[in-house]
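Letter by letter, the sequence shown follows residues -8 to 275 of this note's numbering.
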Amino acid sequence: MIKKIIYIYLVLTIISCGTAKRKNSSSTKNKNTTRTVVVKKQKPVFENPKVNIELPENKEELEATSKVSVTYSNVNSYIDSFKEVAKQNMKEYGIPASITLAQGILESGAGNGRLCKEANNHFGIKCHKEWSGPSITHDDDAAQECFRKYENPADSYRDHSLFLTSRSWYKPLFKLEKDDYKGWAKGLKKSGYATDPKYPEKLIAIIERHQLDRFDSEVLKKEYSEEEIKNNEVISTSETSYYVKQGDTLYSLSKKFNLSVEELKKINGLKDNALSIGQKIKLQ
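Given below as structure tokens:
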């Protein structure tokens, strides 16, 4: 009996030792196969993008029958294209060339408006009941209004002159001096040519900015000179800068500050004569 007990004890001891070994073996295997891997993340490398920046030319917005943004060179190109037509119409019909050009620039967006491009209509003249020629519809004061369409721009300029000379309510304009562009600008609004309350100011600003009244002087064979500075005021160049106001031109500033136009352009790095209201002009 004692031998059986000893035998059972030995068997149990052997079994427990085997189980312990298997546990140790499993634990050892787990220790050997479990690894902690530390991966160093590489910082992304960003290259500075190369950006080509083009400095925009001074722009102005013109709005009559279309709202467009134009550059000084756009307006200059328009003036060069139609100044002779405007001068000829002034000789034939008595409308200041400055007014005709300013209206053309404003109404057509210096040739960039839809009516101008698609219908050669530079002045936003509507069909009215007497018009029997080609037409185009365009949203203006009301949707899809009827506007006149012309074969070429010269026809539009001529029709503009006939439009003004053939209507009785524009007659007071023709009693003004032929180079009184300010009187004409205000008279056009008063006579009902445009509904925009700022129409006269817009025309006058265009005329003075681009010196369109010089063409009136050419037709009238008068010597052209810009409006003299009040009280012959010449501001000393001890001033270091100046902010452009309405009506200022490089020529008027050159007289005001006793500097040449070329000096002003060089000091300010200007490529042309364009000025914008509020623009800072260096004087030294």
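C-beta atoms are modelled at their ideal positions from N, C-alpha and C, and glycine is treated no differently.
7 Å Cβ shell around residue i - same chain, five flanking residues per side excluded
i, result
"K193", "L97"
"W122", "R139"
"G102", "Y69"
"I86", "N80, S152, L155"
"N143", "N111"
"Y161", "L155, S182"
"F165", "G85"
"S216", "none"
"K271", "S232, Y234"
"L82", "It is Lys, not Leu, that sits at residue 82 in the sequence shown. Counting only Cβ-Cβ distances below 7 Å, and skipping sequence neighbours, we find V210."
"S72", "none"
Beta-carbon contacts of residue i that lie in its chain and below 6 Å, excluding the five residues immediately before and after
i, result
"K256", "none"
"A176", "P191, L194, I195"
"I90", "Y172, W175"
"A110", "I127, K140"
"K120", "none"
"K189", "none"
"P163", "none"
"G124", "none"
Beta-carbon proximity list for residue i, same chain, < 8 Å, skipping 5 on both sides
i, result
"K273", "T231, S232, I258, N259"
"K74", "A88, L92, F206"
"E214", "S208"
"R200", "G238, T240, L266"
"G269", "Y234, V235"
"E168", "G174"
"E254", "S245"
"A134", "none"
"K78", "A88, F206, E209, V210"
"Q33", "Confidence at Q33 is low in this model, with a pLDDT of 48, below 50, so its placement is unreliable and no value can be given for it."
Anticipated Cβ contact below 8 Å, residue i with residue j, distance rounded
i, j, result
"N112", "F138", "6 Å"
"E136", "K117", "6 Å"
"Y84", "S152", "4 Å"
"D170", "L211", "6 Å"
"T186", "D146", "Going by Cβ atoms, the distance from T186 to D146 rounds to 25 Å, so no, they are not a contact pair."
Beta-carbon proximity check, residue i vs residue j, cutoff 8 Å
i, j, result
"T240", "Q202", "yes"
"V235", "S245", "no"
"V76", "Y148", "yes"
"D204", "I197", "no"
"F114", "G95", "yes"
DSSP bridge partner residues for residue i (one or two, in chain order)
i, result
"K117", "F138"
"H151", "In the DSSP output, where bridge partners are listed per residue, H151 has none listed."
"I127", "F138"
"I272", "Y233"
"V252", "Partner(s): none; V252 has no beta bridge."
Any C-beta of chain D under 8 Å from that of residue i
i, result
"I198", "The question asks about chain D, but that chain is absent: this structure has only one protein chain."
Using 8 Å as the Cβ pair cut-off and three pairs as the minimum, do the segment 172 to 185 and the segment 128 to 136 touch?
-> As far as the Cβ criterion goes, the segment 172 to 185 does not touch the segment 128 to 136, which means the pair count is below three.
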